[in-house]
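**Student:** Please read through the structure below; I'll follow up with questions.
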Amino acid sequence: MTKRNLLLFAGVAALYAATGMFQSWNLSLSILNTALLATIMALGVNMQWGYAGLFNTGVMGFVALGGLAVVLVSAAPTPGGWEAGGTRLFLGLATGAATIGLAVLAWQRMAKGRLRSLAVLVILVGGFFLYRAVFDPAVAAIEANNPATYGNIGGLGLPSLVAWPVGGLLAALAACAIGKTALGLRSDYLAIATLGIAEIIVSAMRNEDWLARGVKNITSLPRPWPVPYEVDLQQQPGFLSWATGWGFDPVTASTIVVKLAYASLFGAVLLLVILLSELALKSPWGRMMRAIRDNEVAAEAMGKDVTRRHLQVFILGSAVIGIAGAMMTSMDGQLTPGTYNPLRYTFLVWVMVIVGGSGNNWGTLLGGLLIGWLWLIVESIGPAIMGGITAGMPEGAFKQHLMDSAAHMRLLTMGVILLLVLRFSPRGLIPEK
Amino acid sequence: MDFLNALIAFLNFVAVPAVAYGAQLALGALGVTLIYGILRFSNFAHGDTMAFGTAIAIILTWGLQSAGIGFGPLPTALLALPVAIAVTVGLVLLTDRVVYRFYRRQKAAPAILVIVSLGVMFVMNGIVRLVIGVEEQNFADGERFVISAGDFKTATGLAEGLAIKTTQAITVVTAVVVVAALFWFLQKTRTGKSMRAFSDNEDLALLSGINPDRVVQVTWIIAAGLAVIAGVLYGLDKSFRPFTYFQLLLPIFAAAIVGGLGNPIGAIAGGFVIAFSEVIVTYAWKKVLTYVLPDSLAPDGLVQLLSTDYKLAVSFVILIIVLLFAPTGLFKGKSV
Numbered sequence: 001m002t003k004r005n006l007l008l009f010a011g012v013a014a015l016y017a018a019t020g021m022f023q024s025w026n027l028s029l030s031i032l033n034t035a036l037l038a039t040i041m042a043l044g045v046n047m048q049w050g051y052a053g054l055f056n057t058g059v060m061g062f063v064a065l066g067g068l069a070v071v072l073v074s075a076a077p078t079p080g081g082w083e084a085g086g087t088r089l090f091l092g093l094a095t096g097a098a099t100i101g102l103a104v105l106a107w108q109r110m111a112k113g114r115l116r117s118l119a120v121l122v123i124l125v126g127g128f129f130l131y132r133a134v135f136d137p138a139v140a141a142i143e144a145n146n147p148a149t150y151g152n153i154g155g156l157g158l159p160s161l162v163a164w165p166v167g168g169l170l171a172a173l174a175a176c177a178i179g180k181t182a183l184g185l186r187s188d189y190l191a192i193a194t195l196g197i198a199e200i201i202v203s204a205m206r207n208e209d210w211l212a213r214g215v216k217n218i219t220s221l222p223r224p225w226p227v228p229y230e231v232d233l234q235q236q237p238g239f240l241s242w243a244t245g246w247g248f249d250p251v252t253a254s255t256i257v258v259k260l261a262y263a264s265l266f267g268a269v270l271l272l273v274i275l276l277s278e279l280a281l282k283s284p285w286g287r288m289m290r291a292i293r294d295n296e297v298a299a300e301a302m303g304k305d306v307t308r309r310h311l312q313v314f315i316l317g318s319a320v321i322g323i324a325g326a327m328m329t330s331m332d333g334q335l336t337p338g339t340y341n342p343l344r345y346t347f348l349v350w351v352m353v354i355v356g357g358s359g360n361n362w363g364t365l366l367g368g369l370l371i372g373w374l375w376l377i378v379e380s381i382g383p384a385i386m387g388g389i390t391a392g393m394p395e396g397a398f399k400q401h402l403m404d405s406a407a408h409m410r411l412l413t414m415g416v417i418l419l420l421v422l423r424f425s426p427r428g429l430i431p432e433k
Numbered sequence: 434m435d436f437l438n439a440l441i442a443f444l445n446f447v448a449v450p451a452v453a454y455g456a457q458l459a460l461g462a463l464g465v466t467l468i469y470g471i472l473r474f475s476n477f478a479h480g481d482t483m484a485f486g487t488a489i490a491i492i493l494t495w496g497l498q499s500a501g502i503g504f505g506p507l508p509t510a511l512l513a514l515p516v517a518i519a520v521t522v523g524l525v526l527l528t529d530r531v532v533y534r535f536y537r538r539q540k541a542a543p544a545i546l547v548i549v550s551l552g553v554m555f556v557m558n559g560i561v562r563l564v565i566g567v568e569e570q571n572f573a574d575g576e577r578f579v580i581s582a583g584d585f586k587t588a589t590g591l592a593e594g595l596a597i598k599t600t601q602a603i604t605v606v607t608a609v610v611v612v613a614a615l616f617w618f619l620q621k622t623r624t625g626k627s628m629r630a631f632s633d634n635e636d637l638a639l640l641s642g643i644n645p646d647r648v649v650q651v652t653w654i655i656a657a658g659l660a661v662i663a664g665v666l667y668g669l670d671k672s673f674r675p676f677t678y679f680q681l682l683l684p685i686f687a688a689a690i691v692g693g694l695g696n697p698i699g700a701i702a703g704g705f706v707i708a709f710s711e712v713i714v715t716y717a718w719k720k721v722l723t724y725v726l727p728d729s730l731a732p733d734g735l736v737q738l739l740s741t742d743y744k745l746a747v748s749f750v751i752l753i754i755v756l757l758f759a760p761t762g763l764f765k766g767k768s769v
């Protein structure tokens, strides 16, 4: 840590402190929590891009899978959900998986020629209809089960903390599937393939009501272990006397304590991720990764299995993103598939990595906290500035239009920041050593 | 008679919409593929360029409509199209001068240029939202149908009607004209030839005295023009919503890659492959099958392979299949 870097971090800390003092500490802390989560996602992207040069534009999909894991693991079980069609559902999914497996097997084992193409086609088409025949009635049965409140298979009712690694696992499985097909092709293709898979994951979560109720959302997911509920705190005599003793309003104090609890939890995970990836980066494995990134041909000539290493780091990075996605859904207490937007969950994370300094975890941390703050603060300051600009204008449609559009200023701001950093400081605020 | 009815139902619900959609995708994919061929990167801002041009066209259309100027039976937006193209070309050339040129001179890696285009995408997305907001806009006016389903039924006496919307007819006609003009330009004019030379072998083209700045400029102008035409046609045919245009990026890229990146003919073929697969897979075939099959075999369900919510998945699957089995696309594209 050089003096310059410490100054940069102090500057970002001052931004959060200023928000706390001039607006409210509640706002400052909720921005911090969101920024911490986005930073963990950015660390995942940094592993893929900074260490290995892999261009993943599917961050949103892995975030959403992490959120799905929270619902499947920690939501309360749905009465009658499993009985309605759980077994049949799994049978259907197994049929689908077996079809694809069989098709791949046929492709690999059979001799090249028309017969092989025909066999694969027959397996795929037949398997698809079989899958739909088994799967559709199960879905209909589950969705018919009290659709106003449930209509899904329900979760396992396990603690939220258990869901986080499961979120990482789901994301890792998806990354493995996409990596096996798209890695080893040129970099733009991976970008387009991941962009597509993310859209598909999110549209599946919107439409497959049996899974997580789709756009009807699942609410009241449990909080992770040490974080208390505000109402519980406000009823604790110990907490009340502590708050009044310091002269705090108990309601505000309880919300701040809850946010601080989240912040420390997320901070702990963040530091753990940084620690592990720094250790990995300094190990022979990390040197090998950078060697592959800087010169694939030379690394391959030295006997390194480039495609395999790429797959490995792609899965690792995606798992980190999935964990962050699960943490986010835990904090929100609800899964709302309608709100996943690639600009917010994929490209903003990329801005964080590039602005902070790709290939440097501390840079990514700085970029994440800075951009995370900016993203949410432009939303609250933008209308204020626009109000100042338009104050002298006569009332009318044009003024109203300008005021309405102020809310969209942040995309423009992010784009301009990204372009400025790329142009004038292409290695980011804290460059890779 | 049943067979004719089945054929008409197929044309009405599958072929006509897919041809129009395919033409729109092809125009978009042509822009992507030209930029890839000449500037050698995948332009992620293309969807937002389409959205920007369409937004300008919509605002001009509103202006024309309130001034009482119409285009007879054709949509007023067609009158606004040339101005919208000019504005968009201006913006894109400005972007190239301010943003891309720096990296081109540095000979930056394609991945860096893609990230730069992400920045441009953010900025354009922001501008579109500032200009027109995020809501859905319908700006088609004029005659709605060339042939309406009712007229067709009375004229032919069939049970099924064939409707052709004005916007669909305009889409196809415009696409044919634009594509013919583009290929004439690329094959016959000096500038077009120098563009193809530049795309084939940059060093050799420079050596023979081709001015790279001019080639790049012309490429941006053509790509922006194609993007605005594609965007306005899509908006007339369906409706305009900035986020939908961003999402069009996936089928457009799929079309360009399926056809072979950098290959204009491939982009057109790819557009129709993607459009037809999307419509065929998400159409409920019950009606057509009921006509064709004997009563005993008539289907009970909708016979829809995938719900329309998954139409993005169709382009994606085709993309993956092509990447796995023919990485350079159906027509030989480049793989830099």
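Residue numbers (our numbering), protein chains in the order written: chain A, 1 to 433; chain B, 434 to 769. Ideal placement from N, C-alpha and C gives every residue a C-beta, glycine not left out.
Can you find a C-beta in chain A that's less than 8 Å from the C-beta of B:S475?
**Tutor:** Reading the second sequence from its first residue, position 42 is the one you call residue 475 of chain B. Closer than 8 Å to some Cβ of chain A, the Cβ of B:S475 qualifies, so yes.
**Student:** Near A:S187, which residues of its chain fall below 8 Å by C-beta distance, leaving aside the five closest residues on each side in sequence?
**Tutor:** Residue 187 of chain A sits at position 187 when you count from the first residue of the first sequence. Here the set comprises G53, L54 and F55.
**Student:** Identify which residue in A:G359, A:I385 and A:Y131 has its Cα closest to the Cα of A:M409.
**Tutor:** Translated into the one-based positions of the first sequence, residue 409 of chain A becomes position 409. Selected option, being the one with the closest Cα: A:I385.
**Student:** For A:E300, does the count of other Cβ atoms within 10 angstroms reach 16, so buried, or fall short, so exposed?
**Tutor:** Counted from its first residue, the first sequence places residue 300 of chain A at position 300. Result: exposed.
**Student:** Grab me the residues of B:V648's own chain with a C-beta within less than 7 Å of its C-beta, minus the 5 sequence neighbours each way, in chain order.
**Tutor:** Here residue 648 of chain B corresponds to residue number 215 of the second sequence, with the count starting at 1. Result list for B:V648: I471, S627, M628 and F631, in chain order.
**Student:** Quick check on the DSSP output: what are the complete alpha helix (DSSP H) runs of length 4 or more inside the region 591-647 of chain B, in order along the chain?
**Tutor:** Fully enclosed alpha helix (DSSP H) runs of 4 or longer: 599-621, 623-633 and 635-640.
**Student:** Does the distance from the CB of B:A602 to the CB of B:L669 come in under 8 Å?
**Tutor:** Residue numbering aside, residue 602 of chain B sits at position 169 when the second sequence is read from its first letter. Residue numbering aside, residue 669 of chain B sits at position 236 when the second sequence is read from its first letter. Against a cut-off of 8 Å, the Cβ pair of B:L669 and B:A602 comes out as no contact.
**Student:** Taking 8 Å as the CB-CB cut-off, is B:S740 touching chain A?
**Tutor:** The residue given as residue 740 of chain B occupies position 307 in the second sequence. It does: the Cβ of B:S740 has a partner Cβ on chain A nearer than 8 Å.
**Student:** If you follow the alpha helix (DSSP H) that B:V579 is in, where does it begin and where does it stop?
**Tutor:** What you label residue 579 of chain B is simply residue 146 of the second sequence in a count that begins at 1. Looking at the DSSP string, B:V579 is not in any alpha helix (DSSP H); the run it does join, the beta strand (DSSP E), is F578 to I580.
**Student:** Can you have a look at B:P675 and say buried or exposed, based on whether 16 or more other CB atoms are within 10 angstroms of its CB?
**Tutor:** Locating residue 675 of chain B in the second sequence gives position 242, counting from the first residue. B:P675 should be labelled buried.
**Student:** Within 8 Å of any Cβ in chain A, is that where the Cβ of B:D670 sits?
**Tutor:** Within the second sequence, residue 670 of chain B is the residue found at index 237, counting from 1. No, B:D670 lies away from the interface with chain A (no Cβ there is under 8 Å from its Cβ).
**Student:** Given that A:I385 touches chain B, what residues does it touch there, using C-beta distances under 9 Å?
**Tutor:** Indexing the first sequence from 1 puts residue 385 of chain A at position 385. Neighbours of A:I385 on chain B: none; closest Cβ ~14 Å, over 9 Å.
**Student:** How should A:P226 be labelled, buried or exposed, when 16 other C-beta atoms within 10 angstroms of its C-beta is the threshold for buried?
**Tutor:** Translated into the one-based positions of the first sequence, residue 226 of chain A becomes position 226. When all chains shown are included, A:P226 counts as exposed.
**Student:** In chain order, what residues of the same chain have a beta carbon less than 7 Å from the beta carbon of B:F764, not counting five sequence neighbours either side?
**Tutor:** Counting from one through the second sequence, the residue named residue 764 of chain B turns up at place 331. Excluding residues within five positions, the ones whose Cβ falls inside 7 Å are G692, G693, N696, I698, G699 and A702.
**Student:** Give me the DSSP bridge partner(s) of B:Q737.
**Tutor:** Locating residue 737 of chain B in the second sequence gives position 304, counting from the first residue. B:A717, per the DSSP bridge assignment.
**Student:** Can you tell which of A:L183, A:F128 and A:V231 has the C-alpha that lies nearest to the C-alpha of B:L739?
**Tutor:** Stepping through the second sequence from its first residue, residue 739 of chain B is reached at position 306. Residue A:F128 is the option with its Cα nearest to B:L739.
**Student:** Select from the region 534-551 of chain B all residues with a C-beta closer than 7 Å to any C-beta belonging to chain A, and list them in chain order.
**Tutor:** Hits within the stretch, in order: F535, P543, A544, V547, I548, V549 and L551.
**Student:** Please check if any C-beta of chain A sits within less than 8 Å of the C-beta of B:L615.
**Tutor:** By 1-based counting over the second sequence, the position of residue 615 of chain B is 182. No - not a single Cβ of chain A is within 8 Å of the one on B:L615.
**Student:** Mind listing the chain B neighbours of A:R206? Cutoff is C-beta to C-beta under 8 Å, in chain order.
**Tutor:** Here residue 206 of chain A refers to the residue found at position 206 of the first sequence. Near A:R206 (Cβ distances below 8 Å), the residues of chain B are D742.
**Student:** Is it a yes or a no for the region 476-486 of chain B touching the region 513-529 of chain B, going by three-plus beta-carbon pairs under 8 Å?
**Tutor:** Verdict: yes, contact present.
**Student:** Helix, strand or coil for B:L681, going by three-state DSSP, please let me know.
**Tutor:** For this step, residue 681 of chain B is matched to residue 248 along the second sequence. Residue state, collapsed to three classes: coil.
**Student:** Which residue from B:Y533, B:V549, B:V567 and B:L507 puts its Cα closest to that of B:V579?
**Tutor:** As a first step, residue 579 of chain B must be located in the second sequence, where it is residue number 146. Closest by alpha carbon: B:L507.
**Student:** By the three-class DSSP mapping on this structure, what secondary structure does A:G429 have?
**Tutor:** Indexing the first sequence from 1 puts residue 429 of chain A at position 429. Inspection of the sequence shows that residue 429 of chain A is occupied by Leu rather than by Gly. Note: A:L429 maps to coil in three-state DSSP.
**Student:** Applying the 10 Å Cβ sphere with the 16-neighbour rule, what's the burial state of A:F398?
**Tutor:** As a position in the first sequence, residue 398 of chain A is number 398, starting the count at 1. Result: exposed.
**Student:** Compare the Cα-Cα distances from A:L348 to each of A:T244, A:S330, A:G368 and A:I31 and report the closest residue.
**Tutor:** As a position in the first sequence, residue 348 of chain A is number 348, starting the count at 1. Looking at the Cα atoms, A:G368 is the closest of the given residues.
**Student:** Mind checking if A:S160 is an interface residue toward chain B, Cβ cutoff 8 Å exclusive?
**Tutor:** Within the first sequence, the letter at position 160 stands for residue 160 of chain A. By this cut-off, A:S160 is not an interface position.
**Student:** Quick one, which residues of the region 172-195 of chain A are near chain B if we go by CB-CB under 8 Å, in chain order?
**Tutor:** Correct list: T181, A182, L185, R186, S187, D188, Y189, A191, I192, A193 and L195.
**Student:** So, helix, strand or coil for B:Q570, using DSSP?
**Tutor:** Translated into positions along the second sequence, residue 570 of chain B becomes position 137. The answer is strand: DSSP assigns B:Q570 an E or B state.
**Student:** Output the distance between the C-alpha atoms of B:A656 and A:F90, rounded to the nearest integer angstrom.
**Tutor:** Residue numbering aside, residue 656 of chain B sits at position 223 when the second sequence is read from its first letter. Residue numbering aside, residue 90 of chain A sits at position 90 when the first sequence is read from its first letter. The straight-line gap from Cα to Cα measures roughly 48 Å.
**Student:** In whole angstroms, what is the alpha-carbon distance linking B:L756 and A:A182?
**Tutor:** Mapped onto the second sequence, residue 756 of chain B falls at position 323. Mapped onto the first sequence, residue 182 of chain A falls at position 182. Approximately 8 Å between the Cα atoms of the pair.
**Student:** Under 8 Å, do A:R206 and B:D742 count as touching if we go by C-beta distance?
**Tutor:** Against the first sequence, residue 206 of chain A aligns to sequence position 206. Against the second sequence, residue 742 of chain B aligns to sequence position 309. Yes, these two residues count as a Cβ contact at 8 Å.
**Student:** Determine, using beta carbons only, whether A:G151 and A:R213 come nearer to each other than 8 Å.
**Tutor:** Counting from 1 along the first sequence, the entry for residue 151 of chain A is found at position 151. Counting from 1 along the first sequence, the entry for residue 213 of chain A is found at position 213. A contact, by the Cβ cut-off of 8 Å.
**Student:** Nearest CA to the CA of B:L546: which residue from A:I123, A:S24, A:V273 and A:P426?
**Tutor:** Working through the second sequence from its first residue, we reach residue 546 of chain B at position 113. Closest option to B:L546, Cα to Cα, is A:P426.
**Student:** If you drop the 5 nearest sequence neighbours on each side, which residues of the same chain put their C-beta closer than 8 Å to that of A:K180?
**Tutor:** By one-based count along the first sequence, residue 180 of chain A stands at place 180. Contacts found: L311.
**Student:** Can you tell me which of the three DSSP states A:I381 falls into?
**Tutor:** Indexing the first sequence from 1 puts residue 381 of chain A at position 381. Helix at A:I381.
**Student:** What residue does the alpha helix (DSSP H) around A:N33 start on, and which one ends it?
**Tutor:** Your numbering for residue 33 of chain A matches position 33 in the first sequence. It spans W25 to N46 - the alpha helix (DSSP H) in which A:N33 sits, taken as one unbroken run.
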